[in-house]
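Undergrad: Residue numbers (my numbering): 2 to 418. Beta carbons: idealized from backbone N, C-alpha and C, even for Gly.
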Ligand SMILES: [Zn+2]
Ligand SMILES: [Zn+2]
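(1) Can you give me the Cβ contacts of residue 107 inside the same chain, cut-off strictly under 7 Å, excluding the 5 residues immediately before and after it?
(2) Whose C-beta lies closer than 6 Å to the C-beta of residue 279 among residues of the same chain, with five residues either side of it excluded?
(3) Check each candidate in 228, 366, 135, 385 and name the one with the smallest Cα separation from residue 31.
(4) Could you have a look at residue 85 and say whether DSSP puts it in helix, strand or coil?
(5) In the DSSP assignment, the beta strand (DSSP E) including residue 263 goes from what residue to what residue?
(6) Is residue 118 near residue 391, with beta carbons less than 8 Å apart?
(7) Keeping to the same chain, check which residues put their C-beta closer than 8 Å to that of residue 138; ignore five residues upstream and five downstream.
(8) Going by C-alpha to C-alpha distance, which of 314, 285, 396 sits closest to residue 295?
(9) Report yes if the C-beta of residue 298 is less than 7 Å from at least one heavy atom of ligand 2; otherwise report no.
(10) Have a look at 198, 190, 339, 144 and flag the residue whose alpha-carbon is nearest the alpha-carbon of residue 383.
(11) If you run the structure through DSSP and keep just helix, strand and coil, what is residue 298?
(12) With a threshold of 7 Å on Cβ separation, who are the neighbours of residue 152 within its own chain once the five nearest residues in sequence on each side are excluded?
(13) Does the Cβ-Cβ distance between residue 187 and residue 370 come in under 8 Å?
(14) Within the present structure, is the beta-carbon of residue 376 separated from the nearest heavy atom of ligand 2 by less than 7 Å?
(15) How close, in whole Å, do the beta carbons of residue 154 and residue 60 come, if the pair is a contact with beta carbons under 8 Å?
(16) Select from 142, 234, 339, 272 the residue whose C-alpha is nearest the C-alpha of residue 304.
(17) Check this for me: beta carbons of residue 215 and residue 259, under 8 Å apart or not?
(18) Is there contact between the segment 241-259 and the segment 398-406, where contact requires at least three CB pairs shorter than 8 Å?
(19) For ligand 2, is there a heavy atom less than 7 Å away from the beta-carbon of residue 358?
(20) So residue 1 is in the beta strand (DSSP E); what residue range does that whole segment cover?
(21) Compute the Euclidean distance between the alpha carbons of residue 182 and residue 145, then round it to the nearest angstrom.
(22) Starting from residue 160, follow the alpha helix (DSSP H) in both directions and report where the run begins and ends.
(23) Taking only the alpha-carbon atoms, compute the straight-line gap between residue 395 and residue 195 and give it to the nearest angstrom.
(24) Pull the bridge partners of residue 63 from the DSSP assignment, please.
(25) Within the same chain, show all residues whose beta-carbon is closer than 8 Å to that of residue 15, passing over the 5 residues directly before and after it, in chain order.
(26) Reducing DSSP to helix, strand and coil, say where residue 334 ends up.
(27) For ligand 2, is there any heavy atom lying closer than 7 Å to the beta carbon of residue 96?
(28) Going straight from the alpha carbon of residue 248 to that of residue 282, what length do you get?
(29) Considering only the alpha carbon of each residue, which of 375, 299, 228, 324 lies closest to residue 399?
(30) Of the choices 92, 87, 90, 122, whose alpha-carbon is the least far from that of residue 104?
(31) Below 6 Å CB to CB, which residues in the same chain sit around residue 71 once its five sequence neighbours on both sides are set aside?
(32) Please state if the CB of residue 319 and the CB of residue 202 are separated by a distance shorter than 8 Å.
(33) Out of 266, 73, 269, 410, state which residue places its alpha-carbon closest to the alpha-carbon of residue 164.
(34) Does the segment 330-345 come close enough to the segment 298-312 that 3 or more CB-CB pairs lie under 8 Å?
(35) Going by alpha carbons, who is nearest to residue 412 out of 49, 85, 69, 310?
(36) How big is the Cα-Cα spacing for residue 325 and residue 36?
The structure is reproduced here in structure tokens:
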């Protein structure tokens, strides 16, 4: 750290001295945090219905002074903590669902459900937010407002946040009124343990899937002129779609289009009637997202027509772009510097082209998503199996930082005037 950085660090520490204590308080809760995390890790669940996970969260919150509601169409939990003084609401989120893959981590507490694994670290998020609810319950006198703890199922492609919003999570007459700001952490095995990274504006991409069926007319492979072969039309479409990204989309507002699945035909001497393409589209702005999706239609129908075929394009809408409010993101980084120290807060140079359904919350409420490093200390982050790998392992010590960050963000936002 440079001398000016050290001075700025000392100034912040003086200004927010009580936040320094959060790490110690969080560490005092670590055995509970770890116990819940391991229990969840052993019993991972998929999608919107997570009865075992929901029951574990409710049990962990049972003795705290919280108003709790559970979801109607999903196993969500919303817990509201009233501060001792009135003020706005602040929302903090943990996602709770796992992924459909077999675990090969070698951990003693590995998944006991074959084919399901907490490979994205959502078990850590859930345990961290539960401990933060405990920590903040002991500090109600320091809160001017309400805290909304959002425990959501179905982050992995099941739109769990959208379901919770539809059930009134963010409504003025919802569990705690419309929050003034929101925050979520996501652990990553590719960053040093306890390091926080965030950025202003777009931090994760939109994600939409595309399915194209090209229809021609089947025939004998020896007489293609008597048929309308959909195979060369589909092949031309792959090239044209990839080229479209560079010719129609600004290099300064990037997009990724990948055709990842292509299929046609049954044997060597038959021209099939149809061919299919599937792929995914990622963008960093809703404007570019709309442009790419409309250009896909134009390119596919134009290429199909050139080959005498027709095509049907189906877009399966995924998550919106995750857009951080610059002011909240900076405030979160500032809290990170106060709670963890400046050397544990890094700017995030580029967004990630993966997607997040916290984007639905950030579409309605100013807030920020941040990444929390959880690479085990014995492993080089660059070599660590990434999130979603069957071999991914997270450093549980990062949860001490996570609990302190969730809590520090809330204390900062609801600081009595
Ligand atoms: Zn994931
Ligand atoms: Zn995740």
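TA: Answer, in terms of the structure:
(1) Residue numbering aside, residue 107 sits at position 106 when the chain shown is read from its first letter. Taken in chain order, the list of residues that qualify is empty.
(2) In the chain shown, the residue the question calls residue 279 occupies position 278. By the criterion of a C-beta distance shorter than 6 Å, residue 279 is surrounded in its chain by 212, 262, once the five residues flanking it on both sides are discounted.
(3) For the purposes of this step, residue 31 is taken as the residue at position 30 of the chain shown. Residue 135 is the option with its Cα nearest to residue 31.
(4) Taking the chain shown and counting its residues from 1, the one referred to as residue 85 is at position 84. DSSP places residue 85 in coil when its eight states are reduced to three.
(5) One-based indexing of the chain shown puts residue 263 at position 262. In this chain, the beta strand (DSSP E) harbouring residue 263 covers 256-265.
(6) What you label residue 118 is simply residue 117 of the chain shown in a count that begins at 1. What you label residue 391 is simply residue 390 of the chain shown in a count that begins at 1. It is a contact, given that the beta carbons lie within the stated cut-off.
(7) In the chain shown, counting from the first residue as 1, residue 138 sits at position 137. Same-chain partners within the cutoff: 65, 66, 67, 82.
(8) Here the question's residue 295 lines up with position 294 in the chain shown. Residue 295 has its Cα closest to that of 314, out of 314, 285, 396.
(9) Taking the chain shown and counting its residues from 1, the one referred to as residue 298 is at position 297. Residue 298: no, Cβ never under 7 Å from ligand 2.
(10) Looking up residue 383 in the chain shown gives position 382. Here the closest residue by C-alpha is 190.
(11) Residue numbering aside, residue 298 sits at position 297 when the chain shown is read from its first letter. Three-state DSSP puts residue 298 in a helix.
(12) Start at 1 with the first residue of the chain shown, and residue 152 comes out as number 151. These residues qualify, in order along the chain: 58, 77, 78, 95, 97, 127, 130.
(13) Translated into positions along the chain shown, residue 187 becomes position 186. Translated into positions along the chain shown, residue 370 becomes position 369. In contact: residue 187 and residue 370 (Cβ atoms closer than 8 Å).
(14) If you number the chain shown from 1, residue 376 lands on position 375. Within 7 Å of the C-beta of residue 376 there is not a single heavy atom belonging to ligand 2.
(15) In the chain shown, the residue the question calls residue 154 occupies position 153. In the chain shown, the residue the question calls residue 60 occupies position 59. Not confirmed; about 17 Å, so no contact.
(16) Taking the first residue of the chain shown as position 1, residue 304 is located at position 303. Residue 304 has its Cα closest to that of 234, out of 142, 234, 339, 272.
(17) Looking up residue 215 in the chain shown gives position 214. Looking up residue 259 in the chain shown gives position 258. The answer is no: Cβ separation not under 8 Å.
(18) Taking 8 Å as the limit for Cβ pairs, the verdict is that the segment 398-406 does not touch the segment 241-259.
(19) Counting from 1 along the chain shown, the entry for residue 358 is found at position 357. Residue 358: no, Cβ never under 7 Å from ligand 2.
(20) With the chain covering 2 to 418 only, the question about residue 1 has no answer from this structure.
(21) Translated into positions along the chain shown, residue 182 becomes position 181. Translated into positions along the chain shown, residue 145 becomes position 144. Taking the straight line from one Cα to the other gives about 14 Å.
(22) In the chain shown, residue 160 corresponds to position 159, counting from 1. No alpha helix (DSSP H) holds residue 160; DSSP gives it neither H nor E.
(23) To locate residue 395, count along the chain shown from 1; it is residue 394. To locate residue 195, count along the chain shown from 1; it is residue 194. Distance between the alpha carbons of residue 395 and residue 195: 11 Å.
(24) Counting from 1 along the chain shown, the entry for residue 63 is found at position 62. Under DSSP, no beta-bridge partner is assigned to residue 63.
(25) As a position in the chain shown, residue 15 is number 14, starting the count at 1. Here the model assigns residue 15 a pLDDT of 49, short of 50, so the residue's position is not dependable, and the following value carries that caveat. Nothing listed; no residue qualifies.
(26) Here residue 334 refers to the residue found at position 333 of the chain shown. The answer is helix: DSSP assigns residue 334 an H, G or I state.
(27) One-based indexing of the chain shown puts residue 96 at position 95. Relative to ligand 2, residue 96 has its C-beta within less than 7 Å of a heavy atom.
(28) What you label residue 248 is simply residue 247 of the chain shown in a count that begins at 1. What you label residue 282 is simply residue 281 of the chain shown in a count that begins at 1. Answer to the nearest angstrom: the Cα atoms are 16 Å apart.
(29) If you number the chain shown from 1, residue 399 lands on position 398. Relative to residue 399, the option among 375, 299, 228, 324 whose CA is nearest is 375.
(30) Reading the chain shown from its first residue, position 103 is the one you call residue 104. Per the Cα distances, 122.
(31) Within the chain shown, residue 71 is the residue found at index 70, counting from 1. Excluding residues within five positions, the ones whose Cβ falls inside 6 Å are 78.
(32) For the purposes of this step, residue 202 is taken as the residue at position 201 of the chain shown. For the purposes of this step, residue 319 is taken as the residue at position 318 of the chain shown. No Cβ-Cβ contact shorter than 8 Å links residue 202 with residue 319.
(33) Your numbering for residue 164 matches position 163 in the chain shown. Ranked by how close their Cα comes to the Cα of residue 164, the residues 266, 73, 269, 410 have 73 in first place.
(34) At 8 Å Cβ cutoff, the stretches do not touch.
(35) Here residue 412 is taken as the residue at index 411 of the chain shown, counted from 1. That would be 85, whose Cα lies nearest to the Cα of residue 412.
(36) Within the chain shown, numbered from 1, the residue matching residue 325 stands at position 324. Within the chain shown, numbered from 1, the residue matching residue 36 stands at position 35. C-alpha of residue 325 to C-alpha of residue 36: approximately 32 Å in a straight line.
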